[in-house]
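As numbered in the working numbering, residues 1 to 594 make up the sequence shown, in order.
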Amino acid sequence: MKHAKLSAWVAEMAALCGPDRVEWLDGSEAEKARLEARALASGELVRLDSRRHPGCLFHRTAENDVARTEHLTYICSRRKEDAGPTNNWMSPEEGYRRAGEIFRGSMRGRTMYVIPFSMGPVGSPFSKIGVQLTDSLYVALNMRIMTRAGAVVLDRLGPDGEFTRCLHGKADLSTERRLILHFPDDNAIWSVGSGYGGNALLGKKCLSLRIASALARREGWLAEHMLILGVEDARGRTEYLTAAFPSACGKTNLAMLIPPAGLKAKGYKVWTVGDDIAWLRVGPDGRLWAVNPEAGFFGVAPGTNSKSNPNAVATLRANAIFTNVLLGEDKTVWWEGGDGEPPQPAVDWRGRPWRPGLKDEQGKLLPGAHPNSRFTVPAGQCPSISPRWEDPQGVPISAIVFGGRRERLAPLVYEAFDWAHGVYTGATAASERTAAQVGKVGEVRRDPMAMLPFCGYNMADYFAHWLEMGRRIPKPPKIFHVNWFRKDARGRFLWPGYGDNLRVLEWILARCRGEAAARQTPIGRLPAPESLDLSGLELGPGALEELLAVRPEEWREELAGHKDFFARFGDRLPKEIWDQHEALAKRVSVGAPS
Ligand code: OXD
Ligand code: MN
């Protein structure tokens, strides 16, 4: 079926970029084999050992292109104030001009692939269609994993359907000529100069979060940086929740959780619906329903092993693309915190010979895999994938969970008093910097709803939209905050995390059913003693008390941090957020519950 606007746009972009050929992808297996063969021949991809890693491929990005480049990521709304104080802004005219200069002629000698893709099951009322143009085979093959891509999507689009225009080009991969631009008013994305997933797989962060968040505000739904999981009990009842955590806080691990030994008797089963993004809409029953718009996982490899995440390890057995991990001469891969011993001889993520213990000139240990090395893999391969993960109507959400990494202050779990208080709780979520990040260790970085790098418009308006959604959902989910990372005075984690986090989810879901007991505190409702099932878990002496401690003096300091953050939004911040702030300050100062 011919879509005149789509054909005209592809022709216009091809004229700008000047590829030798334009190839439309159909999503077939034959096409996959053809693209892979081409990428293997050019050296862009390496085929891994077919016994150890059947169907798997390896790729190495440029050394300067291994992570999202937030400082080169812009929201190109017409008015600067619509991007807000937490986003970089460029006018649409300047964006098209500057990126256009880099794109011009940049695909000479290359093929431009045209990839029609659906975020969300094809035809679901939640779903959005995009078309990505790219000169990267690696990107084309990854888009086939991370989205539903090909002819079915074109059929769905019909002769005049709406789609996000996504233009991607590698250009020369230099940071001086790299821009990741979002045009929310035009439903368009232009990304040039990077081949890294978060910058280049435009269906993910660019469309499903930055552009989708702006669409969602206009259309009355939510596009969020959240995992989605289901917890099934022994009676076969499954309840679903979403959770938003900043990066490096274990979203993929939580989404694929395996119940701990002590809770085994209760017969729980955890089902994975998504590990990174949730699109949420009000359903006909008045509840909030969620869909995972992605079709694959783009996960961090280091730290993934049979103990931390056995489901991820099983998912990765076949058909994965590994990026910037250690590559053995025997065509096996490995990463720090992975299973087994590294292969030898091997080359590191930069392509240099590597052996365990290798140090740089300053005596610093050199990792074999880049700390942000990744895997891309079809979600359907995950042993815990939910039977409903592709349900076009989504799954009903009982609870929304926000969280961060806090050594002190935030207790293991608390429940917000109501929706507006829950929005405040999400809006003030934060994480402390670890030694692995640039900046002062322990410094608190606010990351509202884990969306700071992903909100496509002014975050003050985003908070207003969340508050408005509360008025639109007749039966809203309850909102909670969790913190798996609290430490004791000697710097040791108080909570084991991983599978044991199910104990907290169990309390959360019981609260949603009005079953578990809670105690009121100034910051929210915490588990009453005995209401968390800790059977089979040995916590250190006093650990539970410390995990659930709420210290007004610490919260007073925290409130000052909230105030500084919100002040950045000036008059645009909804009054309800300040009202929540004052109410919390008052409760904390008198040490009283709500
Ligand atoms: C991220 C990711 O950076 O999911 O948040 O890749
Ligand atoms: Mn993410």
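We treat Cβ as the ideally placed atom computed from N, Cα and C, and that holds for glycine.
Note that the C-beta distance between VAL313 and THR304 is below 9 Å. Between ILE577 and ALA427, the C-beta spacing is below 9 Å. In the displayed model, LYS128 falls within a strand according to three-state DSSP. The continuous beta strand (DSSP E) containing CYS166 extends over residues 164 to 169. With a cutoff of 9 Å on beta-carbon distance, VAL300 and SER373 are scored as near each other.
The three-state reading of DSSP puts LYS269 in strand, counting E and B together. Membership of ALA243 in any alpha helix (DSSP H) is not indicated; the residue belongs instead to the beta strand (DSSP E) covering 238 to 244. According to the DSSP assignment, GLU558 belongs to the alpha helix (DSSP H) that extends over 552 to 567.
The way I'd put it, the segment 405 to 419 does touch the segment 482 to 493; three or more beta-carbon pairs between them come closer than 8 Å.
Note on geometry: alpha-carbon atoms of ASN253 and ASN88 lie some 31 Å from one another. Distance check between ALA243 and each of ARG490, ARG34 and ILE479 places ILE479 closest, using alpha-carbon atoms only. ALA214 sits close to TYR457, with the two beta carbons spaced by under 9 Å. For the ligand MN, no non-hydrogen atom lies closer than 8 Å to the CB of ASP447. The nearest non-hydrogen atom of the ligand OXD is 8 Å or more from the C-beta of ARG587. SER213 has its CB no nearer than 8 Å to any heavy atom of the ligand MN. TRP9 carries a helical assignment under DSSP once its states are collapsed to helix, strand and coil. Counting only runs that start and end inside the segment 485 to 531, the alpha helix (DSSP H) elements of at least 4 residues fall at 501 to 512. Our two residues, PRO367 and ASP339, have alpha carbons roughly 15 Å apart in a direct line.
Beta bridge pairing from DSSP links HIS421 with no other residue.
When the Cα atoms are used, ARG350 and GLY100 turn out to be separated by approximately 30 Å. Per the CB criterion, closer than 7 Å to any heavy atom of the ligand OXD, the qualifying residues run in chain order as ARG68, GLY197, GLY198, LYS205, HIS225, SER247, ASP276 and PHE298.
Residue pairing for ARG21: DSSP places it in a beta bridge opposite THR111. In the structure shown, LYS307 adopts coil according to DSSP, grouped into three states.
For ASN88, the pairing in a beta bridge is given by DSSP as TYR74. For PRO246, the CB contacts under 7 Å within the same chain, skipping 5 residues up- and downstream, are GLY404, SER431, ASP447 and ALA450 in chain order.
As the crow flies, the alpha-carbon of ALA585 is around 7 Å from that of ARG556.
Non-local C-beta neighbours of GLY198 in its own chain, meaning closer than 6 Å and more than five positions away in sequence, comprise ARG68 and LYS205, ordered along the chain. Under the DSSP assignment, LEU45 falls outside any beta strand (DSSP E); it carries neither an H nor an E label. Sequence-distant partners of VAL153 (beyond 5 residues in either direction) whose C-beta falls short of 7 Å from its own C-beta, in its chain, are PRO116, PHE117, SER118, VAL122 and ILE129.
By the neighbour-count criterion, in which 16 or more other beta carbons inside 10 Å mark a residue as buried, HIS53 falls on the buried side.
Counting along the chain, PHE58 sits inside the beta strand (DSSP E) bounded by residues 57 to 59.
Sixteen is the threshold: when 16 or more other Cβ atoms of the shown chains lie within 10 Å of the Cβ of VAL401, as they do, the residue is buried. With a cut-off of 8 Å, the C-beta of LYS5 is classified as distant from the ligand MN, since no heavy atom of the ligand falls inside that distance. Take ASP533, set aside five residues on each side of it, and the residues of its chain with a beta-carbon closer than 7 Å to its own are LEU263, ARG503 and GLU506, in chain order.
Residue pairing by DSSP places MET119 opposite LYS128 in a beta bridge. Cβ atoms of ASN319 and GLY55 come within 8 Å of each other, at about 4 Å.
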